[in-house]
Every structure is written in C-alpha cells, then in structure tokens.
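As structure tokens, the structure follows; a few thoughts come after it.
Written out as structure tokens, the structure reads:
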C-alpha cells in the first residue's frame with residue numbers, strides 16, 4: 083500500500099540530529115501510512131548508519147547527491163516520493179507523538195494544498211535554543227509571524243514545518259534556488275497559481291534551531307537580505323512591518339546617543355522606552371519557557387535578531403533600489419547553482 087504522507091528531510095553534515103527526529107517519527111500515534119525520504123545534500127559526514135538503525139521502525143529511503151542546497155534537495159526528494167502529501171521538516175526538528183493525528187484531523191476538516199504549523203521549543207532544549215525560539219516566534223518580536231495565529235490570505239509556510247500536495251508541487255515546480263527565502267517564494271507562487279494555503283495551529287514541531295548567537299546573526303542577516311528580493315519578484319507582497327527591525331536598530335542607536343549629546347532629562351525617554359520593551363520581552367520569555375536563563379538570554383537574542391535582520395534588509399533594499407545589477411550578482415551567497 084502506498085503511503086499517504088511522505089516526509090522529505092534534507093540533511094547536510096548533521097547525522098546525529100536525525101536520531102531524535104527518527105525516534106519521534108517512529109512514535110507517531112496515527113495509523114496513516116507514511117514514508118521517510120532522507121536526502122543527503124553533499125555531506126562529508128553522511129547519515130547512512132543512522133538510517134540503517136531505523137529501517138525496522140520506519141519505511142525509509144536514503145539518497146545521496148551533490149550539494150545544491152536545501153530547496154533543490156527537497157525537490158529531489160519530492161520527485162521520488164510516493165505519498166499524496168509531502169511533509170517537509172528540518173533535521174533539527176522533533177515531532178510530538180500527536181503530530182500526524184492532528185494533521186489528519188486538520189486536513190479532513192479544512193483541506194489545503196499547502197500548509198504550515200508553528201514551531202516551539204521543547205523544555206529539554208538548551209537555554210540559548212529556548213531563547214532564540216522565543217524571539218523568533220513571539221508576538222512581541224515577529225508579531226507571531228512564525229508561531230502564532232495567522233491570516234490565511236498572507237500566511238507563508240516555512241519549510242521546517244510545511245506540507246504540500248503532490249499536485250501543488252508538480253504544477254509549481256517546487257522550490258527555487260534562493261536560500262534562505264525559498265519557502266516564502268514557493269508560497270507566493272502557489273497563491274498566484276490558485277492553490278489554497280493555510281495555517282494549522284495544532285500541527286506543532288519542536289525546532290532546535292542549532293545555533294549560537296554568532297550563527298544566529300548570520301542566519302537572520304541572510305533572511306533580511308532575501309526579503310527585498312522576494313518583494314521585487316512578487317509585487318504586492320511587501321509589508322511595512324518588514325522594515326521594523328531596521329527602524330528598531332536605528333532607533334536604538336539614537337536612543338543611546340541622545341543622553342550623551344544632551345543633558346536634558348528628556349533625552350533619556352527613548353532609552354527608557356527601549357528598556358521597558360526589553361523588560362517586557364524578558365517577562366514574556368520567562369512565562370513561556372519557565373526558565374530564567376532562557377528569559378535573560380532572550381534579551382541579547384532579540385538584539386541579535388533585529389540587528390542582523392535589520393541590517394540585511396536595509397542593505398538589500400538600498401542596493402536593489404539603486405543598483406542595476408541582478409540579485410544573483412549582488413548577493414551570490416543567497417543562490418545555489420542547480
């Protein structure tokens with residue numbers, strides 16, 4: 083019997099992460115048949131041994147290919163998948179036991195062609211991972227963009243927790259060669275093709291976000307670089323809120339300079355507003371994570387997030403506006419040759 087769901091998992095030099103993900107897949111409570119396709123994206127440390135260890139527990143297939151990026155690797159897997167829906171998760175994710183059961187119910191009550199769900203931090207994650215997860219999903223930082231309730235007409239599923247029907251994949255051609263940014267690009271193209279996209283709040287993954295603050299900065303910086311490119315490719319998709327991290331970062335610099343330039347007590351008001359915001363963020367992180375270290379780390383995490391994304395977005399927007407060069411020439415680090 084052919085599987086109904088096909089999990090497609092690209093992996094690059096992260097074999098140990100797959101153990102936890104496979105264990106969570108093997109523990110799914112739903113009885114819907116599913117398969118797992120692992121696509122090794124030119125790794126030097128391959129995952130063959132981990133795959134072999136789970137062959138008795140999972141219907142699993144393993145592929146190895148040259149390094150062409152996560153988007154092309156997902157396309158590679160979906161082209162070979164047998165299911166009716168392709169489920170895309172990152173190798174650093176863990177699925178709760180009810181993931182597939184919740185997804186089945188959601189699809190039955192509200193069938194969609196492409197969908198996504200929230201990501202959260204499991205209590206077993208490190209304080210840094212919990213802090214970064216909070217800042218990436220909180221209503222105080224991203225407006226809940228990646229982890230809260232969504233408006234269907236604007237929601238763009240993310241490939242760490244994303245599903246797409248076979249028909250939608252075949253008609254859209256799958257992901258492009260930009261990274262990051264390949265998932266919102268696909269979402270916007272699917273919407274133009276008339277497919278139904280949406281958000282299933284109960285279909286949650288625990289996302290480890292395998293980063294320290296340095297790599298987190300590089301990651302969000304690239305997110306910032308990619309967004310103006312997507313805005314250019316998809317007219318009408320731009321939002322004023324995309325400028326918020328840039329404005330926040332510039333405002334913070336001004337707030338810190340004002341007391342140095344002016345001795346008047348009013349010069350401290352902007353800095354006080356920023357302190358109040360950061361304090362509220364820490365309180366929110368403590369309430370969500372139940373971890374004091376994670377709550378304290380959430381403050382530098384949001385500063386890293388807004389600074390990195392804000393600078394990347396501002397730089398990209400300015401260069402795209404005033405340069406005649408193509409995005410591939412301006413930002414070659416965002417594009418894979420496939």
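In the numbering used here, the protein residues as written are 83 to 420.
Cβ atoms here follow ideal geometry from the backbone N, Cα and C, with glycine treated the same way.
Computed from a prediction, not measured in an experiment: that's the story for all the values here.
Q: Evaluate residue 109 with the Cβ neighbour count: other Cβ atoms within 10 Å of its Cβ, from every protein chain shown; 16 or more gives buried, anything less gives exposed.
A: One-based indexing of the chain shown puts residue 109 at position 27. Exposed, by the Cβ-count rule.
**Q.** Length-filtered (4 minimum) alpha helix (DSSP H) runs lying within the segment 288-335
**A.** Listed in chain order, the complete alpha helix (DSSP H) runs (minimum 4 residues) inside the segment 288-335 are 295-315.
(Q) Let me confirm a value: residue 404 is counted as buried when at least 16 other C-beta atoms fall within 10 Å, else exposed. Which label applies? (A) The count along the chain shown starts at 1 and reaches residue 404 at position 322. With a threshold of 16 other beta carbon atoms within 10 Å, residue 404 falls short and is exposed.
Q. If you draw a straight line from the C-alpha of residue 103 to the C-alpha of residue 408, how long is it?
A. Here residue 103 is taken as the residue at index 21 of the chain shown, counted from 1. Here residue 408 is taken as the residue at index 326 of the chain shown, counted from 1. The C-alpha of residue 408 is placed about 39 Å away from the C-alpha of residue 103.
**Q.** Pair within 7 Å by beta-carbon distance, residue 201 and residue 243
**A.** Looking up residue 201 in the chain shown gives position 119. Looking up residue 243 in the chain shown gives position 161. Note that the C-beta distance between residue 201 and residue 243 is below 7 Å.
Q) Can you name the start and end residues of the alpha helix (DSSP H) that residue 268 belongs to? A) One-based indexing of the chain shown puts residue 268 at position 186. The continuous alpha helix (DSSP H) containing residue 268 extends over residues 264-274.
Q.
I need the boundaries of the alpha helix (DSSP H) containing residue 122, first residue and last residue.
A. Position 40 of the chain shown holds residue 122. From DSSP, residue 122 is part of no alpha helix (DSSP H) but of the beta strand (DSSP E) over 116-123.
Q: Compute the Euclidean distance between the alpha carbons of residue 412 and residue 210, then round it to the nearest angstrom.
A: Reading the chain shown from its first residue, position 330 is the one you call residue 412. Reading the chain shown from its first residue, position 128 is the one you call residue 210. Taking the Cα positions, residue 412 is about 33 Å away from residue 210.
(Q) Strictly by DSSP, which residues pair up with residue 169? (A) Locating residue 169 in the chain shown gives position 87, where the first residue counts as 1. Residue 169 pairs with 89 and 245.
Q) From residue 296 to residue 384, what does the alpha carbon distance come to, in whole angstroms? A) Sequence index remark: in the chain shown, residue 296 carries index 214 (1-based). Sequence index remark: in the chain shown, residue 384 carries index 302 (1-based). Each residue's Cα considered, the two are about 13 Å apart.
(Q) With the cut-off set at 7 Å, would you say residue 422 and residue 88 are in Cβ contact? (A) Absent from the model: residue 422. The displayed extent of the chain is 83 to 420, so no value can be given.
Q | Length of the line joining the Cα atoms of residue 288 and residue 348 | A | Here residue 288 refers to the residue found at position 206 when the chain shown is read from its first residue. Here residue 348 refers to the residue found at position 266 when the chain shown is read from its first residue. Take the alpha-carbon of residue 288 and the one of residue 348: they are about 44 Å apart.
Q. What is the DSSP secondary structure of residue 406, reduced to helix, strand or coil?
A. Position 324 of the chain shown, counting from 1, holds the residue named residue 406. Residue state, collapsed to three classes: coil.
Q: Given a cut-off of 7 Å, decide if residue 388 and residue 330 are closer than it, judged by their beta-carbon atoms.
A: The residue you call residue 330 lines up with position 248 of the chain shown. The residue you call residue 388 lines up with position 306 of the chain shown. Cβ distance < 7 Å, so residue 330 and residue 388 count as in contact.
(Q) Would residue 280 and residue 240 qualify as a contact pair, given that the criterion is a beta-carbon distance under 7 Å? (A) On the chain shown, position 198 is the one that residue 280 refers to. On the chain shown, position 158 is the one that residue 240 refers to. Result no, Cβ atoms of residue 280 and residue 240 do not sit closer than 7 Å.
Q: Please go through the segment 139-184 and give each complete alpha helix (DSSP H) segment of 4 or more residues, from N-terminal end onward.
A: Runs of the alpha helix (DSSP H) inside the segment 139-184: 152-162.
**Q.** Residues bridged to residue 260 (per DSSP)
**A.** As a first step, residue 260 is located in the chain shown; it is residue number 178 there, counting from the start. Within the DSSP secondary-structure output, residue 260 pairs in a beta bridge with 417.
Q) Should residue 250 be flagged as near chain D, meaning a C-beta pair shorter than 7 Å? A) Annotation note: the requested chain D is absent from the structure, which comprises a single protein chain.
(Q) On a Cα-Cα basis, can you pick out the residue from 141, 147 and 136 that is closest to residue 125? (A) Counting from 1 along the chain shown, the entry for residue 125 is found at position 43. Comparing Cα-Cα distances from residue 125 to each of 141, 147 and 136, the minimum goes to 147.
Q) Measuring CB to CB, does residue 259 end up less than 7 Å from residue 417? A) Numbered from its first residue, the chain shown carries residue 259 at position 177. Numbered from its first residue, the chain shown carries residue 417 at position 335. The answer is yes: Cβ separation under 7 Å.
Q. What does a CB cutoff of less than 8 Å around residue 314 pick up in its chain, not counting 5 residues either side in sequence?
A. Against the chain shown, residue 314 aligns to sequence position 232. Excluding sequence positions up to five before and after residue 314, its CB lies within less than 8 Å of the CB of 402 and 409, all in the same chain and listed in chain order.
Q: Tell me residue 280's beta-bridge partners as DSSP assigns them.
A: Working through the chain shown from its first residue, we reach residue 280 at position 198. 197, per the DSSP bridge assignment.
**Q.** DSSP state of residue 221 mapped onto helix, strand, coil
**A.** By one-based count along the chain shown, residue 221 stands at place 139. In the structure shown, residue 221 falls within a coil segment according to DSSP collapsed to helix, strand and coil.
Q.
Using the three-state DSSP reduction, which class does residue 367 fall into: helix, strand or coil?
A. The sequence position of residue 367 within the chain shown is 285, counting from 1. Residue 367 falls in the helix class under three-state DSSP.
Q) What residues are listed by DSSP as bridge partners for residue 202? A) For this step, residue 202 is matched to residue 120 along the chain shown. Residue pairing of residue 202 in beta bridges, as defined by DSSP: 288.
Q.
Does the contact criterion of 3 or more C-beta pairs under 8 Å hold for the segment 349-356 versus the segment 322-340?
A. Counting Cβ pairs under 8 Å, three or more are found: they touch.
Q. Which word fits residue 264, buried or exposed, when buried means at least 16 other C-beta atoms lie within 10 angstroms of its C-beta?
A. In the chain shown, counting from the first residue as 1, residue 264 sits at position 182. So residue 264 ends up on the buried side.
Q: On a CA-only basis, which of 386, 397 and 414 is nearest residue 218? Give me that one, please.
A: Taking the first residue of the chain shown as 1, we reach residue 218 at position 136. Of the candidates 386, 397 and 414, the one whose C-alpha sits nearest the C-alpha of residue 218 is 386.
(Q) Comparing C-alpha positions only, which one of 382, 284 and 276 sits nearest to residue 180? (A) Walking along the chain shown from the start, residue 180 turns up at place 98. The shortest Cα separation from residue 180 among 382, 284 and 276 belongs to 284.
Q: Keeping to the same chain, check which residues put their C-beta closer than 6 Å to that of residue 248; ignore five residues upstream and five downstream.
A: On the chain shown, residue 248 is found 166 positions in, with the first residue counted as 1. Closer than 6 Å at the Cβ level, and outside the excluded window around residue 248, lie 166.
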